[in-house]
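Student: Its first residue numbered 702, the sequence shown is counted upward by one per residue in our numbering.
Ideal Cβ positions, reconstructed from N, Cα and C, are used throughout, including at glycine.
Just so we're clear, the structure is a prediction, and the values are computed from it rather than from any experiment.
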Amino acid sequence: MSRTVKVAALQASFSKDMQTNIDKVKELVRDAAAKGAEIILPSELFCDHYFCKVQDEKFFATAYPWAEHPAVEQLAELAKELGVVIPVSIYEKDGPEYYNSIVIIDADGTPLGVYRKSHIPDGPGYMEKFYFRPGNTGFRVWDTMKGRIGVGICWDQWFPEAARAMALMGADVLFYPTAIGSEPHDDSLDTAARWRRAMQGHAVSNVIPVVAANRTGDEEGQIFYGTSFIADHAGEIVDELGRNEEGVIMAEFDLDFLDRHRAAWGFFRDRRTEFYDVLG
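In structure tokens, the structure reads:
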């Protein structure tokens, strides 16, 4: 009997109230679990409006140690109740250091650990270097009760080496929580299509499904463009949401088929690592 996994991504707009946002995510998680989802991905930094639009020291007070974060505590209880895996995006405080982090909650409610965003953007509307140190965990893959998953965070999704590293560590599916939308410096720039194409390329080059969860809505004039999607191992979109929709998308994948198909394509077999010295 083949190993299968049912994955889901959530898309929503968010308020400035943490508990209201956590409650909204919990409701969507319940909806996804009721439809059979086993691994459920909320979007990036869902506990607040995306605060990195500006540099304001007041937002440092919204960070928590990862094991004590209200979203982690509450979604761990829900994961245990529903028997689902939830990667939870948080603003993390670790002593004097601050990170954009993901806590992986297993299907029994156990927090498996934290991944800290490796690539930190800095530009108009996305001034994350003011708030976050580059992650010090390295890329990680998680053995959950529902499958072996790799999780990157937003800006990580543009880097093919991040996807390849997680695939080489044996990930069955790649997940990318995101907060991306309009570019304040250029009203004509719409990156929604290229955002998708970059991750569809990861799916093709690693023969692996990719799940991307973005937010939607207008936050002080910055418009988040939604378009959350799930791509299969060939990069084909198998479920998606529009720019303004809120809800759940889902797909089921046969992991044994993917293992065989990945081997047959030979992308890992034919790697020429002797030429990669430039990468260290």
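Starting from the Cα of H934, find the closest Cα among G943, W966, C748 and give me that residue.
Tutor: The shortest C-alpha separation from H934 is found at W966.
Student: Leaving out five residues on either side along the sequence, give the residues of the same chain with a beta carbon under 8 Å from the beta carbon of I938.
Tutor: Counting only Cβ-Cβ distances below 8 Å, and skipping sequence neighbours, we find R897, Q901, F930, I931, A932.
Student: Tell me whether N837 is buried or exposed, calling it buried when 16 or more other Cβ atoms sit within 10 Å of its Cβ.
Tutor: So N837 counts as exposed.
Student: CA-CA distance, C855 and A880?
Tutor: Using only the alpha carbons, I get a separation of about 7 Å.
Student: Residue range of the beta strand (DSSP E) that F930 falls in?
Tutor: 930-932 is the span of the beta strand (DSSP E), which, as asked, contains F930.
Student: When we look at the beta-carbon of V852 and count the other beta-carbons within 10 Å, is it buried (16 or more) or exposed?
Tutor: Classification of V852: buried, given that the 10 Å Cβ count is 16 or more.
Student: CB V786 to CB I806, shorter than 8 Å?
Tutor: Contact: yes.
Student: What are the residues that DSSP puts in a beta bridge with D795?
Tutor: Answer is E798, bridged to D795.
Student: Which residues does DSSP pair with K707 in a beta bridge?
Tutor: The partner list for K707 (beta bridge, DSSP) reads E953.
Student: Could you tell me which whole alpha helix (DSSP H) segments of length 4 or greater appear in the segment 760-788?
Tutor: As far as the segment 760-788 is concerned, its whole alpha helix (DSSP H) runs of at least 4 residues are 771-783.
Student: Going by DSSP in three states, R973 sits in which element: helix, strand or coil?
Tutor: Coil, per DSSP.
Student: Within a Cβ cutoff of 6 Å, which residues of the same chain sit near F752, ignoring the five residues on either side of it in sequence?
Tutor: F760.
Student: Measure the C-alpha to C-alpha separation of E793 and E975 and round it to an integer number of angstroms.
Tutor: Each residue's alpha carbon lies about 38 Å from the other.
Student: Please report the straight-line C-alpha distance between A808 and A780, rounded to a whole angstrom.
Tutor: The straight-line gap from Cα to Cα measures roughly 5 Å.
Student: Are the segment 909-927 and the segment 718-726 touching, with three or more C-beta to C-beta distances below 8 Å?
Tutor: Too few Cβ pairs lie closer than 8 Å, so no.
Student: Could you spell out where the alpha helix (DSSP H) holding D887 opens and where it closes?
Tutor: Per DSSP, D887 belongs to no alpha helix (DSSP H) and is neither H nor E.
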